[in-house]
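For the sequence shown, my numbering assigns the number 8 to the initial residue and increments by one for each residue that follows.
Glycine is no exception: its CB is placed at the ideal position from the N, C-alpha and C atoms.
Each remark here refers to the structure printed beneath this line.
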Amino acid sequence: MICTNYNIEDPTKLRAATGPISVPDLEFPYYNRMRLPLGCLLLIVATHAYLIDSGATGRRLDGFGAISGGGATSRLLFSYPQPQLDQILNFLFKPQFGLSLHHLKVEIGGDGQSSEGVESSHQHSENDLSYQRGYEWRLMVEARKRNPAILLSGLAWTFPGWVGAGTSSPWTNISLTAGYIIAWLQGARSTYALDIDFINADMNERG
Ligand SMILES: *[C@@H]1O[C@H](CO)[C@@H](O)[C@H](O)[C@H]1NC(C)=O
Numbered sequence: 008m009i010c011t012n013y014n015i016e017d018p019t020k021l022r023a024a025t026g027p028i029s030v031p032d033l034e035f036p037y038y039n040r041m042r043l044p045l046g047c048l049l050l051i052v053a054t055h056a057y058l059i060d061s062g063a064t065g066r067r068l069d070g071f072g073a074i075s076g077g078g079a080t081s082r083l084l085f086s087y088p089q090p091q092l093d094q095i096l097n098f099l100f101k102p103q104f105g106l107s108l109h110h111l112k113v114e115i116g117g118d119g120q121s122s123e124g125v126e127s128s129h130q131h132s133e134n135d136l137s138y139q140r141g142y143e144w145r146l147m148v149e150a151r152k153r154n155p156a157i158l159l160s161g162l163a164w165t166f167p168g169w170v171g172a173g174t175s176s177p178w179t180n181i182s183l184t185a186g187y188i189i190a191w192l193q194g195a196r197s198t199y200a201l202d203i204d205f206i207n208a209d210m211n212e213r214g
């Protein structure tokens, strides 16, 4: 199976076409071989017909994003040796190259099972604080190194028990929850020079 993406080299040719355009019917030069297996997903999408109307108003595609979260989904990435590690990171984040992600959302590790595994929290207890745990910090640093404009966001899948003030709900004492999230943002800025674009003080699939 050949994986493809839509590398439209001459958009004027598309505009000249009339009626709905079946993407697989586009001329051969519009196709480029995709460099990542994810391109296979695009091929599945491409079996449907789309009308490309350059004069249309409404929602537009702002880009593509990816999540590193749901428990340890990036755990093995940094186990790759060089130069393969750099190659993978380039395919993910380098603009105009491979996947060229525009947005990276990471899990705010909460010491709890969050689907595929457990990610370490920056605060195991109220009096504990470390920004040296886990791999999400490094992933964000590598992303920004390759694309300074990439959007970053954070979301918790679980919270350490103390954030729930002894209950299972992280919203029992909102001051604790807010302080916990703010500490994560502060660590991103002070330790890694990362300004986070979006933060969600909620919990994945809850609230
Ligand atoms: C909520 O947590 C804050 C910060 O630890 C504390 O000062 C406050 O007393 C707590 N509120 C309640 C109602 O327990």
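By alpha-carbon positions, which one of the options ends up nearest to residue i?
i: S182; options: R82, T174, V170; result: V170
i: D69; options: V148, E114, H109; result: H109
i: S132; options: L99, G141, E123, Y187; result: Y187
i: S280; options: Q130, K152, Y57; result: Past the boundaries of the shown model lies residue 280; the chain is included only from 8 to 214, so the question cannot be answered.
i: G78; options: L162, L96, Y57, Q89; result: L162
i: Q103; options: S176, F71, A172; result: F71
i: L201; options: R67, V113, Q89; result: V113
i: M147; options: R67, G76, Y57; result: G76
i: L159; options: H55, A195, Q120, T165; result: A195
i: R82; options: P88, A56, V125; result: V125
i: P167; options: F98, G119, P88; result: G119
i: A185; options: N207, Y199, S175, G173; result: N207
i: G117; options: L99, F100, Y138, L111; result: Y138
i: L96; options: T174, N154, D209; result: N154
i: E123; options: S176, T165, P177; result: T165
What's the call for residue i, buried or exposed, on a 16-neighbour Cβ count within 10 Å?
i: E143; result: buried
i: Q4; result: Nothing about residue 4 can be reported from this structure: the residues present for the chain run from 8 to 214 only.
i: I189; result: exposed
i: S61; result: exposed
i: D204; result: exposed
i: T179; result: exposed
i: F85; result: exposed
i: A156; result: exposed
Tell me whether residue i, by its Cβ, gets closer than 6 Å to a heavy atom of ligand 1.
i: L99; result: no
i: L183; result: yes
i: N134; result: no
i: N154; result: no
Which value, in whole angstroms, describes the spacing of the CA atoms of residue i and residue j?
i: I59; j: G65; result: 13 Å
i: G105; j: D135; result: 40 Å
i: A73; j: R67; result: 18 Å
i: Y199; j: A150; result: 12 Å
i: A56; j: A63; result: 17 Å
i: L192; j: Y87; result: 28 Å
i: Q89; j: G141; result: 20 Å
i: M210; j: S121; result: 11 Å
i: L111; j: Q130; result: 22 Å
i: L45; j: Q94; result: Because the pLDDT of L45 is 44, which lies under 50, any placement of that residue in the model is unreliable, and the number read from its coordinates should be weighed accordingly. Going from the Cα of L45 to the Cα of Q94 covers about 15 Å.
i: S197; j: R145; result: 14 Å
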